[in-house]
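Numbering (the working numbering), first residue to last: 8 to 180.
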Ligand SMILES: Cc1cc2nc3c(=O)[nH]c(=O)nc-3n(C[C@H](O)[C@H](O)[C@H](O)COP(=O)(O)O)c2cc1C
């Protein structure tokens, strides 16, 4: 089976830690973990992708993703399946909560990606429109380690269950 390429950008390590947890949940044999700071060139070889970012500087994409953007804007994702996740702080930055995830959604969508893993907005309190698919859904998994770390493991577990079939993985026992 084709492996899933999980590419993440992280500044203080939170998104990296969430990436590790997602890989554990989906099974380490099924996922190759890549930090976008150094491994971005490898994205081409995967048809199944998980993409994760934090948001910094009040609505800015995480720096390593930002540096990779010129390359990303030349890549093609037709026929590829992408699941997104974002980390942010809805209390400190409600107007720009998870904007980075929204920016990556726009870029991958423009370049032909098909998305899975939309996530309900119930249980979050924020006003930013960018990470939203519609009124009731984020474009990907929303993680807030700053304020809701007690919910993180359960959210990851549920989301991974949700995306497994589309990535050709059997449900966990
Ligand atoms: C100066 C500063 C600006 C931030 N700006 C945002 C923001 O605009 N939106 C958001 O959702 N989170 C924001 N955050 C919160 C981080 O995205 C959050 O702590 C995240 O988990 C960090 O993940 P990382 O260590 O993987 O980069 C900000 C944090 C700091 C300290």
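Think of the CB as a built atom: it goes at the ideal place given N, C-alpha and C, for glycine as much as any other residue.
Bounds of any alpha helix (DSSP H) do not take in residue 37, whose DSSP letter is neither H nor E. According to DSSP, residue 42 shares a beta bridge with 15. The shortest CA-to-CA distance from residue 25 to any of 114, 152, 126 and 100 is the one to 152. The residue among 137, 54, 15 and 143 with its C-alpha nearest the C-alpha of residue 41 is 15.
Per DSSP, the beta bridge partners of residue 57 are 13 and 90. Between residue 10 and residue 50, the alpha-carbon positions lie close to 12 Å from each other.
Note that the C-beta distance between residue 31 and residue 62 is not below 8 Å. Rounded to the nearest whole angstrom, the C-alpha separation of residue 89 and residue 132 is 26 Å.
The beta carbon of residue 19 sits closer than 7 Å to at least one heavy atom of ligand 1.
Around the beta carbon of residue 96, 16 or more other beta carbons lie within 10 angstroms, which makes this residue buried. Just so you know, the alpha carbons of residue 108 and residue 180 end up roughly 31 Å apart. In this structure, the CA atom of residue 146 is about 23 Å from the CA atom of residue 177. Relative to residue 148, the option among 116, 173, 162 and 81 whose CA is nearest is 162. In its chain, beyond the 5 residues on either side, 11, 13 and 30 have a beta carbon closer than 6 Å to the beta carbon of residue 38. For residue 78, the enclosing alpha helix (DSSP H) stretches over residues 70-79.
Counting C-beta atoms within 10 angstroms of its own C-beta, residue 60 has 16 or more neighbours from the protein chains shown and is therefore classed as buried. Close CB contacts of residue 85 within its chain, under the 7 Å cut and outside five residues either way in sequence, are with 119 (chain order).
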